[in-house]
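Undergrad:
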Amino acid sequence: MGVNKRVAAIQPNAIRAFDDQTSDVEDILKLTLGEPDFSVPQHVKQAAIDSISSDDSHYAPSKGSVALRKAIRHFMIDRYDLSYDAETEIVVTLGATEGIYDTLTAFINDGDKVLLPAPNFSMYDQTIALAGGDVVYVDTSKSDFLLTPEQLQAAVDQYGDQLTTVLLNYPSNPTGVTYTAEQLAALADILRGTDITVIADEIYSELTYDVEHYSIAKLLPEQTVILNGVSKSHAMTGYRIGFIVGPAELIAPAATLHQFTVTSASNPAMAAAAEALGSAQGKLDSKRMRDAYRERRDYLVPALRQLGFEIPQPNGAFYVFAKLPANVDQDDYAFGIDLAKRGKVAVIPGSIFNIGGEGYIRISYAASMETLHEAVKRIGTFLANY
Ligand SMILES: Cc1ncc(COP(=O)(O)O)c(C=O)c1O
Numbered sequence: 477m478g479v480n481k482r483v484a485a486i487q488p489n490a491i492r493a494f495d496d497q498t499s500d501v502e503d504i505l506k507l508t509l510g511e512p513d514f515s516v517p518q519h520v521k522q523a524a525i526d527s528i529s530s531d532d533s534h535y536a537p538s539k540g541s542v543a544l545r546k547a548i549r550h551f552m553i554d555r556y557d558l559s560y561d562a563e564t565e566i567v568v569t570l571g572a573t574e575g576i577y578d579t580l581t582a583f584i585n586d587g588d589k590v591l592l593p594a595p596n597f598s599m600y601d602q603t604i605a606l607a608g609g610d611v612v613y614v615d616t617s618k619s620d621f622l623l624t625p626e627q628l629q630a631a632v633d634q635y636g637d638q639l640t641t642v643l644l645n646y647p648s649n650p651t652g653v654t655y656t657a658e659q660l661a662a663l664a665d666i667l668r669g670t671d672i673t674v675i676a677d678e679i680y681s682e683l684t685y686d687v688e689h690y691s692i693a694k695l696l697p698e699q700t701v702i703l704n705g706v707s708k709s710h711a712m713t714g715y716r717i718g719f720i721v722g723p724a725e726l727i728a729p730a731a732t733l734h735q736f737t738v739t740s741a742s743n744p745a746m747a748a749a750a751e752a753l754g755s756a757q758g759k760l761d762s763k764r765m766r767d768a769y770r771e772r773r774d775y776l777v778p779a780l781r782q783l784g785f786e787i788p789q790p791n792g793a794f795y796v797f798a799k800l801p802a803n804v805d806q807d808d809y810a811f812g813i814d815l816a817k818r819g820k821v822a823v824i825p826g827s828i829f830n831i832g833g834e835g836y837i838r839i840s841y842a843a844s845m846e847t848l849h850e851a852v853k854r855i856g857t858f859l860a861n862y
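The sequence shown stops at residue 862 when you use our numbering, and every number in between is there.
(1) Measuring only from the beta carbon, is Phe597 closer than 7 Å to any heavy atom that is part of ligand 1?
(2) In the DSSP assignment, what are the bridge partners of Ile486?
(3) Within the structure, which residues are defined as neighbours of ligand 1 by a Cβ-heavy atom distance below 6 Å, reported in chain order?
(4) For Phe797, list the residues DSSP reports as bridge partners.
(5) Check whether the region 671-678 touches the region 567-586, counting contact only when three or more Cβ pairs, one atom from each stretch, lie closer than 8 Å.
(6) For His534, count neighbouring Cβ atoms within 10 angstroms of its own Cβ and tell me buried if that reaches 16, exposed if not.
(7) Excluding five sequence neighbours on each side, which residues of the same chain lie with their C-beta closer than 7 Å to the C-beta of Phe514?
(8) Is Pro788 near Val614, with beta carbons less than 8 Å apart?
(9) How long is the line joining the alpha carbons of Ala730 and Asn585, rounded to whole angstroms?
(10) Strictly by DSSP, which residues pair up with Asp615?
(11) From Lys694 to Asp554, what distance separates their C-alpha atoms?
(12) Could you tell me the boundaries of the beta strand (DSSP E) in which Leu644 lies?
(13) Find the nearest neighbour of Ile727 within the set Tyr836, Ile813, Tyr775, Thr673, judged by alpha-carbon distance.
(14) Can you tell me whether Val721 is helix, strand or coil according to DSSP?
(15) Confirm, please, whether the CB-CB distance from Leu558 to Ala750 is below 8 Å.
(16) Should Val878 and Ala752 be called a contact, given that it needs their Cβ atoms to be closer than 8 Å?
(17) Could you tell me which of Thr847, Ser844, Val823, Ala793 sits nearest to Arg838, measuring between CA atoms?
(18) Buried or exposed: Phe551, going by 16 or more other Cβ atoms within 10 Å of its Cβ?
(19) Would you give the residue range spanned by the alpha helix (DSSP H) that Asn743 belongs to?
(20) For the candidate residues Tyr841, Tyr862, Thr847, Asn791, whose alpha-carbon lies nearest to that of Asp620?
(21) With DSSP as the reference, label Thr498 as helix, strand or coil.
(22) Tell me which residues share the same chain as Glu834 and place their Cβ nearer than 7 Å to its Cβ, disregarding the 5 neighbours each side in the sequence.
(23) Mind checking who Val567 pairs with in its DSSP beta bridge?
(24) Once you ignore the five residues that flank Gln735 on each side, which residues in its own chain have a CB closer than 6 Å to its CB?
(25) Quick check on DSSP: helix, strand or coil for Val821?
(26) State the DSSP-derived secondary structure class of Ala631, mapped to helix, strand or coil.
(27) Excluding five sequence neighbours on each side, which residues of the same chain lie with their C-beta closer than 8 Å to the C-beta of Arg482?
(28) Helix, strand or coil for Val863 per DSSP?
(29) Since Gly705 sits in a beta bridge, which residues does DSSP pair it with?
(30) Which first and last residues belong to the alpha helix (DSSP H) in which Val852 is found?
(31) Measuring only the C-alpha atoms, how far is Asp532 from Pro744?
(32) Where does Leu505 sit, in a helix, a strand or coil, going by DSSP?
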C-alpha cells in the first residue's frame, strides 16, 4: 500500500502512550498533561455564543477573522511591544500545533538542519522529520536547560549553510525555564546577518512568574516568527486557536500552507479568542490564572526539593522538571511506571523529551492546590518506602 515513508515513520505521541499505560491505576493522581484546569471565562464563552446566534456561519478570511487579527495585533503591542500588520504579518491557526506544522513545512527543504535545544516538546522532532529536515539536538541539561551562545556558535560553525532554522521554546515545555533579554541578545548576536530563521514557540508567554516575557523577535525582527495562541494563556485548549506572527516574507508561505490545509479557523472559536486577547477583562483573566500557577509553583518546588529532587528554577509555564534523587532507579521510565502503580501519582518520564531528559520527571502543576498537596504526600510516602 502506498503510505508516505515520512508519515509511516512517525511514532505515536509518547506522552499519551505513557498516560494510557498508567491511567487504569485506581485512584491515581495525574500530573501528566499540559492542560490548564480553569474554566473558560464567561465573557469569552459569550462571544462564541453570540457568534453562533448571529449566524456568523460563513467562511472567514483564510488568515483569520479581521476582528481576531486586530485583537492579536493589539495583544502583541500591549504585552510585548511588538507591532505586526494585521493584513500581512498575522495568520490565525488551529492551535500552536498548526503553527508548528505550517512554519516547519513552509520553511524547510529536504536535508536542512534544524537546531533544537533538548529536552524539548515532543511534537517538534516528528514535524521536522515530516517536513524532510534533520534535527540537530543540543543538550541543554548542563547549562540550566538553556541554549548557550557557545553551543549555538558551534552548530553554526559545524553546519554552515545547511543550518537553516533554529527552533526555540520559552518558557519551555518540559522545564519551565525561560530566557532573559540578555541571554536572548547573546543568541541573537550570533544569528544576526545569517540566513537562519528563528521559530519562537512562545505559547507560554503569558505564564511567566519572576521575569517579564521577552521575545527574540525584538532583537531579530526580520528573521523571527512567533507561535502563540490562547490555549495556555486563557485555558482554551479545546477552542483550537493559535497564531503565527512575523515578517510578511515568512508569513506568506506559512499562510499559503494554512490555506491549503484548513482554509480558516472556526468562527465561534475565533470570536471567543478575539474577546480573550482584545479585551481588558481578557488581560485580567490571564493574570488571575498566572497568579494561581505561581502560588502552586511556590508550593511545589520547595516541597519536591525537600524530598530530594533537584529542580532547575521554573519561572514560566506550569511544569517542574525534577532530577530523580540519587537513591532511586535512575531509569526515569521505569521510575514513572513504578510511581504510578505503587505511589499512585502519574508524571511524565523525562527521557520522552529526548536528550538531556534522562533521569528526570516532568510534573505538571496545572492542577488544584489540593491535588498538589496530596501528590506531594504520596510521593513522600513512596520515597520513604522505596
Ligand atoms: C511548547 C508547546 N507548543 C505548542 C503546544 C500546542 O499548543 P496548542 O494546544 O495551542 O496547539 C503545546 C501544548 O502542550 C506546547 O507545550
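Each residue gets a CB set at the ideal place from its N, CA and C atoms; glycine is no exception.
TA: Let me lay it out:
(1) Here residue 597 corresponds to residue number 121 of the sequence shown, with the count starting at 1. Yes, Cβ of Phe597 sits closer than 7 Å to a heavy atom of ligand 1.
(2) By one-based count along the sequence shown, residue 486 stands at place 10. Ile486 is not bridged to any residue.
(3) Chain-ordered list of matching residues: Gly510, Gly571, Ala572, Thr573, Phe597, Asn645, Asn649, Asp677, Ile679, Gly705, Ser707, Thr713, Gly718.
(4) By one-based count along the sequence shown, residue 797 stands at place 321. Answer by DSSP bridge pairing, in chain order: Arg838.
(5) Verdict: yes, contact present.
(6) Within the sequence shown, the letter at position 58 stands for residue 534. Under a 10 Å Cβ-count criterion, His534 is classified as exposed, with fewer than 16 other Cβ atoms of the shown protein chains found around its own Cβ.
(7) The residue labelled residue 514 in the question sits at position 38 within the sequence shown. Closer than 7 Å at Cβ, skipping near neighbours: Ala711, Met765.
(8) Translated into positions along the sequence shown, residue 788 becomes position 312. Translated into positions along the sequence shown, residue 614 becomes position 138. No, they are not a contact pair.
(9) Translated into the one-based positions of the sequence shown, residue 730 becomes position 254. Translated into the one-based positions of the sequence shown, residue 585 becomes position 109. Distance between the alpha carbons of Ala730 and Asn585: 14 Å.
(10) Counting from 1 along the sequence shown, the entry for residue 615 is found at position 139. DSSP lists Ala594 as partners of Asp615.
(11) In the sequence shown, the residue the question calls residue 694 occupies position 218. In the sequence shown, the residue the question calls residue 554 occupies position 78. Rounded to whole angstroms, Lys694 and Asp554 show a C-alpha spacing of 14 Å.
(12) Indexing the sequence shown from 1 puts residue 644 at position 168. Counting along the chain, the beta strand (DSSP E) containing Leu644 begins and ends at 639-645.
(13) Taking the first residue of the sequence shown as position 1, residue 727 is located at position 251. Of the listed residues, the one whose Cα sits closest to Ile727 is Thr673.
(14) On the sequence shown, position 245 is the one that residue 721 refers to. In the three-state reduction of the DSSP assignment, Val721 falls in the strand class, which pools E and B.
(15) Taking the sequence shown and counting its residues from 1, the one referred to as residue 750 is at position 274. Taking the sequence shown and counting its residues from 1, the one referred to as residue 558 is at position 82. No, the Cβ-Cβ distance between Ala750 and Leu558 is not below 8 Å.
(16) Outside the modelled stretch of the chain, which goes from 477 to 862, sits residue 878, for which no answer is possible.
(17) Walking along the sequence shown from the start, residue 838 turns up at place 362. That would be Val823, whose Cα lies nearest to the Cα of Arg838.
(18) Residue mapping note: residue 551 aligns to position 75 of the sequence shown, counting from 1. In this structure Phe551 is buried. Its beta-carbon is surrounded by 16 or more other beta-carbon atoms within 10 angstroms.
(19) As a working mapping, residue 743 is identified with position 267 in the sequence shown. That run of the alpha helix (DSSP H) goes 743-754.
(20) Reading the sequence shown from its first residue, position 144 is the one you call residue 620. For the options Tyr841, Tyr862, Thr847, Asn791, the alpha carbon positioned closest to that of Asp620 is the one of Asn791.
(21) Here residue 498 is taken as the residue at index 22 of the sequence shown, counted from 1. If DSSP states are grouped into helix, strand and coil, Thr498 belongs with the helices.
(22) Along the sequence shown, read from residue 1 onward, the residue named residue 834 stands at position 358. Closer than 7 Å at the Cβ level, and outside the excluded window around Glu834, lie Asp808, Gly826, Ser827.
(23) On the sequence shown, residue 567 is found 91 positions in, with the first residue counted as 1. Residue pairing by DSSP puts Val567 in a beta bridge opposite Ile720.
(24) In the sequence shown, counting from the first residue as 1, residue 735 sits at position 259. Excluding residues within five positions, the ones whose Cβ falls inside 6 Å are Ser538.
(25) Against the sequence shown, residue 821 aligns to sequence position 345. In this structure, DSSP gives Val821 an extended state, which the three-state scheme calls strand.
(26) Start at 1 with the first residue of the sequence shown, and residue 631 comes out as number 155. In this structure, DSSP gives Ala631 a helical state, which the three-state scheme calls helix.
(27) Residue mapping note: residue 482 aligns to position 6 of the sequence shown, counting from 1. Ala605, Leu606, Gly608.
(28) The question about residue 863 has no answer, for the chain in this structure spans 477 to 862.
(29) As a first step, residue 705 must be located in the sequence shown, where it is residue number 229. When beta bridges are read from the DSSP output, Gly705 appears opposite Gly718.
(30) Here the question's residue 852 lines up with position 376 in the sequence shown. Where Val852 is concerned, the enclosing alpha helix (DSSP H) stretches over 845-860.
(31) Counted from its first residue, the sequence shown places residue 532 at position 56. Counted from its first residue, the sequence shown places residue 744 at position 268. Put simply, the backbone Cα of Asp532 is about 8 Å away from that of Pro744.
(32) Along the sequence shown, read from residue 1 onward, the residue named residue 505 stands at position 29. DSSP places Leu505 in strand when its eight states are reduced to three.
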